[in-house]
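Chains as they are written, first to last, in numbering that gives the first Met the number 0: chain A, 0 to 323; chain B, 0 to 523; chain C, 0 to 493; chain D, 0 to 291.
Let me begin by presenting the structure, written as structure tokens, before commenting on it.
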Amino acid sequence: MILRTETIRPISKALFNAFFSSVLIIFFLSFLVFSLVYISPGETLLQDYLLSLQDNTDTDINDADLEDIAQANLPQAYMSWLSASINGNLGVSISNGLPVLDQVLELTLNTLYLIISALLIGLLSSFPLVALSVTNTMPLLTRLINTTIKLLSFLPLFWLAYLLIYISTSGFDYYPLAMNYDNMNFSQFILPVILLSFGSGVLVDIYQQLNSEIKRVLNEDYILCARAKGASIFKHVFKEGIAFPLLNLISNRIAYLFGATIIVEQIFNWPGIGRLLWQATQDRDIPLLLGAVIVTAIVIRTAHFSAQLIYVLINPRASHEQDK
Amino acid sequence: MKRISLTAVMFLSLWSVMTVSATTNTNTLIYGETKRPDTLDPYTSNEPSSLRLSQLMFNGLVAINERQEIEPDLASSWTVSKNQKIFTFQLRKNVTWHPYKNRREAFSAKDVIYTVKLLQHPKTVSARKDQFANIFKVEQIDDYQVRFTLKNPAINPIAIFNFKVLPYHVLKNRPYLNKKNQFANHPIGTGPYIFKRSNTNRQITLIANDTYYKGKPHIAKIILKPFSDNNIMNQALSFNNLDMIVSVSPRHLSELQADARFTLKAYNTLSYSFFAYNQNNVNLRKKAVRKAISHAINREEMLKAFFNNQGTIISGPFAPGSWAYNLDVLPDNYDPQKSIALLKSLGYKKTTNGFIDSTGKLLAFRLRVPIEKNNEAAKRVILAYKNFLKDIGIRVNIDFMEREKWKRAIFKDHIFDITYAQWSFDDSSDISTLFHSQYNMAWGNNFISYSNPQVDRLIKQSLSSTDHQEKRTINHRLHKIIADEVPYTFLWSLTQYAAYSKRLSNVRIHPYQFFDNVHLWKKN
Amino acid sequence: MKKIRLILTLFLAAFSYSAAAENKHIDTAMQLYKAMQTNNAATYAIKHVDNIQSLSSLDKLKFALILNNNLAIYKDIYIKSLETQQIFLKSVSTETGPNKSNIAALFLAEVYLLKQNPIAARKQLSEFEKNQTADKTLTAIAGIYLAWAEKLEKNEQAFTQIITSLDTDPPLISMALDFINIMTTATSSLNPNIIRAAEKQYIGTDNPYAIRFANYAIRIYSHQGKLSDARRILLSLKQNAPSFIEEITQFKHIYFYEPSLIDSVSFYYYQSSQSLLTSLKKDKKYHDVAIYYLSDLDLIIANKSSAKQFDNAMLNSKRLPKALASLREIRQNGHGYLLGKTSRAHQVWEKAVNNEKNNPAISAEAILMCLYLKANCPNIVHKARLKAENGRSKRFEKLNTNVGRYFLLKRENNKAVRLLENALDRSNADGLLMNDPILLLNLAEIYRREKRFSESLQIYFSLGKNFPILRQVQDAVQGEYLLKQRSSGSNSIY
Amino acid sequence: MNRINKPLPFKRKHFILRRWIDRLIVLYCLVVLGSVLTAFTITQFNIIELDYEAMDFQSILTPPLTNGHILGTDYLGRDLFNRLLLGTHAYLLPGLMAVSISILFGALLGSLTLFANKRLRKVITLSTELMQTTPRLVILLLIIAIFEANIYYVMLVIGITNIPTVANLISHRIDILRNKRFIEASIANATPIHILIFKHILWYNCRTILISQAALGMAEAVLMETSLSYLGFGVQEPTPSWGNMVQAGSNYLLQGNLWSSSIPALAIMSVLLAFYLLAEVVVKQLNKRHSL
């Protein structure tokens, strides 16, 4: 009993801290972004934005209301936005008049499919490379592969995409374009996912992290001890060499991947949040853009938080370390 | 390892769920656009993509088909008074609106009258308000009869009644129409297709209207798929992800023509590209400056290098395919020496940096254009233009803007010196809104603030004329005057091509509205 | 077999040898011709080559080739012009009200006369008389046209009656009289010196009847074999100028054109090509080729009188280049058809189309015969159509064009559109004008008939740059378009 | 950490190889970055007059070494070589601006943690996390939508968003240094604070961090401009940047015209590689010194 309370308390505390800071960050971010809109040149942006919050489907807005809105100061305006958005009302898109939240949530899911698949593919294809490297069988080949995938990640992503399409259409006569809404299938994932995992540096990252961590873990004293004793070392290596770096990587990389999908979705006509962001920028659709930024941030924060959660769960010691 | 395999299994099953839920509906027409429709109703947007959509969802009282014939549409018959001013329409009785709040209301005279009222409201923002300007009054005789009285007799009076009718029961709480109206995004019409949904990327799904009065459409579903990348759109067509592209870029023409699976169809021949000069600019207000610019650019070379000569160079404000084109007016030739001489004669001095005016300021203009990622042909033209002007000593600063911002700057605020755009006309080739000083206002078509009393007079005369030959003569004269005045540098007219798969049959493409008799189209 | 090949090689060698001694003007014209600017090529060559006899044989051949092709195109334009002018003038002449045109009836009558329809022409002429135009020249011409109508109706008596009552003193009137003589009986009796003396009065001045004068003069000179005189006038002729401008009010001007001008100009091409080829015939090496092209000339205008001569001559002309040799039999039977040997001609043409191994160009030639001779060949065309619609490549272009033209002639518009569009190459790096002008002409015509006026006008506009004489067609189509268009005036920017 | 002697993973042969590779890497960085700098100087001071706007309509999209164009031409018939050289302008000054912002403010903020309490550390950590929460490209798009597409705005954003990263690294370093004798000694000696910070901490102990961060910052500037160019918000034509060159060229890639896009793409790759290698080499030096 005593043991249990001792282990659980710090964990929950650490998690609470993490959660609290996440919430804080989201709020702070929203405030920052909102004030950017507020100071933006031209009165229409804010006006359009605040108008979009009001449920004006069937009523008219009169000019007095407009003036009220234009004269609201920053904290007031922010508070009105905040109260609306906490109630799940992120306003209505200027360009197409649909509620922002619905659109953004739907598309974020689409993007997440892409990102998670890319991470998975990166992971799966990095295993043989890591094995090659760790066992040190063919150092030159390893180095060559290492350099190649690294160089790939330095090429402009969209150019690589074009090249990929060019190769796949002219070389293999194969070109699965991104999905229709009601017609999504596996083959449509192939090119964008390959591109995202190879071109945007996910593979390189996973490979390098795993490589160095596994090497480090294998050289740790206790592993050497365990090896000498003939005990199984798999669990340790997995936990420290694979799981931790991966969790670390996911929380570090996910934001970057969201950025990269803006380009990938553009090219493959993928109906995801990235295309939405681009489109909203083109249209200066501030409510949509703001909604997308906030939702993206929440998703990324959630990913961080769950990575932390898993980390703490499989490694209770971590909470103590963090506490220190 | 177990965990990894577990997650892998999870995601694979997710994929398979997605795959299973996919129903490959073969009876769907998917067409690609590069410009997303702004709004979906027939009036608030002036973009061709919105126009095309409204053709799918709405009907007018009469329709003009691609062979220039007036067809009865929502009106089954009509009578005209002797003085061509009073029109009495007998409306169809078997027409219902698309479901609204799960109910299908019947179409009646109320709707027609309300539409006119809505569009004549001063606060309504629409580029098509002109069409209603000549309507003096509209009365309801009974539920299925309306009578229109026109202000003045006109040359094709019946043609204005092709305006799309809006539903009274949906819009009754709204005295006027603008982009912010909910209706602009959830259109309810009487047409062959019902709006189903529009997602954030403006992929728009329409489903067949079972109770369409002309009969149920053959194609069950139409999807508009916007593309942000022209190359990809072309690839999508050739790999059967699309059935139709509404405008093929010149670059892909040869590819598609050589491919036996597709049909290329020309349409919208009445359009042209131009550089427009803001008359509020002190220098551009001088005709000789504009003339000098027009002589400084080599249009033949640009057309050949950028568009494979797939167009014709024009001399005035009409497309060469129009009845109003004055064949005796020739385009300004490429003559940079003449440009320089013209500028010098105005008192500009040539320095090593370029021309300076009497106060010593450099002759420089701000060219504002939208960022068109897809349209690199336009970009080429703009950059070449800048270079041509640089060669004679005029500096042009190109200001690329986001499309919405550009629209606002050009059409609303008129803050620009030069801009580049393209007009597209229907068969009436009506340029009155472009150059009449009355339309020099926010969101008016005369965004260059052009004003010339002679032109104004001729335009008025052309509009009121009921004599065909007289109308032609007047427009030929307008062409001559405007070509001489160069408020725009008229560039060329390019033919637009639609490409569609041979799986589609019975396809008819209207030169201006695009979708014509779409309920008869078939897909095998 | 070896022998034939040897002869062919020798023939080609001779061709390439004489290429060294080319006239540089003909060379330039040939380049224009290859760039599908047939009319510019012809005009250039006519302008720069003063002395036909000084040309080498090969140059003569090239010159004649250009002229032949231009003749074929002008003949086609002529047909289109008659049709469009008729529609346009009809709409103008049926107008009522104070601002109606007084002249339209006269020009419409001319169109009817050219179409050999004297009854309708007479009706229009009486209409014209009713209008009481002040213009004396036009009134006089109306009188002559009335005589023309009588002649077509074979009322010789009435004809002479009108003729004698006419005041033929102004040269233009006597020329008009001679002109209708040529049109009806193919005889010309006017002293060319009268025309020469009058030239100063009309050519190079802003005389309102300059075009009419040029029209008659070219026709009469060419008919009398005075080619250098005809050439002088042709070169000074502005082919896109209207024959008459009627200014009804300040804002209503109507332009009138003469379709017969096209015919006159093409007659000059016919005559000068004939004289070229006749002199070429003397060169033994080119004898057979010359005969081939001479026969081509007469096929284009479907000349029955010379058919017998060419039927025989073509039978014996064996020394032709391979490309022409394969067409010889088809063409020979064209003359046969004119002589009345129709069933044999059909047989030969059908065989040419049926042979799968044949070059599509050969099938195209068979259809061309049907077109030139206005023959009814449904079977042949049916097979050719199947062949044409499946053929996509450039090789099938001619076949598609000709079958399309056939359907156009037979007013089967849907089929014609499909075939002609099939033939069109939209992707050429040098634009639309790199297509065969004949194809473009017919495509524009079919679009006009399908009421796709803007597309039609656009093609005419492009083509008009190379063929200024198309202006009369363009003008008429514009008029028809304005009449038929039903739009309400919307425009959009993008 | 107390380590027992481990068997060396590499043989001596490999060590020599490694050393040579390291030298090669340094050489590579010098050559690439040197040539970029040369290109910049040549064009900046008009040592050679290059026209990046002159169009040659007769040779559009030609491969290298035709019609007197060393690297061929682009879609307007402009010389790719000239544009490649002039394209360095799009990155060098704006990139330096971004880097100097992040380095300057990051270093200052980081070194302040030497005196400040836990709260400043927390702020730095939180702002680092804030930056990790929003993708850089997303922030850029937001800025572009609100203000306008301008390369200096873009660089400003890149600079500001990198501040927390730099500050974080410095503060970590300071944590390690905090207990070192020289700090205690200099505090005891009453060394002026600015000397302590700038000389002892930042210069002696953190310069590798700063240099590597600067290199990475430059790399990011190039990368972002390229991405934005594809989205249409990068440096706008006719001003050349490598990003908009690739973008313009890639329109013709699917038609099989590889040259006009791959040349600037490879240029971008080699420069990015050089920056990353530079950062890596510097960090390696740092680690080497630390392990002693």
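The beta carbon of each residue, even a glycine, is placed where N, CA and C say it ideally should be.
Any chain A beta carbon closer than 7 Å to residue i
i, result
"arginine 135 of chain D", "yes"
"serine 260 of chain D", "yes"
"arginine 502 of chain B", "no"
Inter-residue CB distance, residue i and residue j (contact presumed, cutoff 8 Å)
i, j, result
"serine 126 of chain D", "proline 163 of chain D", "4 Å"
"valine 402 of chain C", "alanine 374 of chain C", "With 8 Å as the limit, valine 402 of chain C and alanine 374 of chain C do not qualify as a contact, their Cβ atoms being about 14 Å apart."
"proline 436 of chain C", "glycine 390 of chain C", "The pair is not a contact, with the Cβ atoms about 21 Å apart (cut-off 8 Å)."
"glutamine 144 of chain B", "alanine 108 of chain B", "6 Å"
"serine 464 of chain B", "isoleucine 458 of chain B", "That pair is no contact at about 11 Å."
"isoleucine 210 of chain C", "serine 242 of chain C", "4 Å"
"phenylalanine 261 of chain B", "leucine 255 of chain B", "5 Å"
CB contact check: residue i to chain B, cutoff 7 Å
i, result
"glutamate 454 of chain C", "yes"
"aspartate 57 of chain A", "Note that aspartate 57 of chain A scores a pLDDT of 46, beneath 50, so its modelled location is shaky and nothing firm can be said."
"phenylalanine 146 of chain D", "no"
"leucine 275 of chain C", "no"
"proline 63 of chain D", "no"
"proline 239 of chain D", "no"
Neighbourhood of residue i by C-beta, 8 Å cutoff - its chain only, sequence neighbours within 5 removed
i, result
"threonine 18 of chain B", "Any reading at threonine 18 of chain B is ruled out, since the residue's pLDDT is 41, under 50, leaving its predicted position unreliable."
"lysine 178 of chain B", "Asp37, Thr38, Thr43, Ser44, Val124"
"isoleucine 262 of chain A", "Leu156, Phe157, Ala160, Gly273"
Cβ-heavy atom distance, residue i to the ligand NAP, below 6 Å
i, result
"tyrosine 77 of chain C", "Although the ligand NAP was asked about, the structure shown includes no ligands whatsoever."
Any chain C beta carbon closer than 7 Å to residue i
i, result
"isoleucine 480 of chain B", "no"
"glutamine 83 of chain B", "no"
"histidine 467 of chain B", "yes"
Residue i - containing beta strand (DSSP E), residue span
i, result
"aspartate 398 of chain B", "394-400"
"aspartate 141 of chain B", "134-141"
"isoleucine 492 of chain C", "490-492"
"valine 575 of chain B", "Only positions 0 to 523 of chain B appear in this structure, which leaves residue 575 of chain B out of reach."
"leucine 493 of chain B", "491-493"
N- and C-terminal bounds of the alpha helix (DSSP H) containing residue i
i, result
"glutamine 200 of chain C", "191-201"
"histidine 68 of chain D", "Taken as a continuous stretch (DSSP letters only), histidine 68 of chain D belongs to no alpha helix (DSSP H), as it is neither H nor E."
"serine 342 of chain C", "341-353"
"valine 298 of chain A", "285-313"
Contacts around residue i, its chain only, beta-carbon distance under 6 Å, and the 5 residues preceding and following it disregarded
i, result
"valine 416 of chain C", "Ile445"
"leucine 293 of chain C", "Leu276"
"glutamate 5 of chain A", "Because the pLDDT of glutamate 5 of chain A is 47, which lies under 50, any placement of that residue in the model is unreliable, and the question is left without a value."
"leucine 342 of chain B", "Ala291, Phe354"
"aspartate 142 of chain B", "Ser107, Ala108"
Within-7 Å CB hit, residue i to chain D
i, result
"alanine 304 of chain B", "yes"
"proline 244 of chain A", "no"
"asparagine 101 of chain B", "no"
Close beta carbons around residue i, own chain, < 7 Å, minus the five adjacent residues each side
i, result
"glutamine 331 of chain C", "Asp310, Met313, Leu314"
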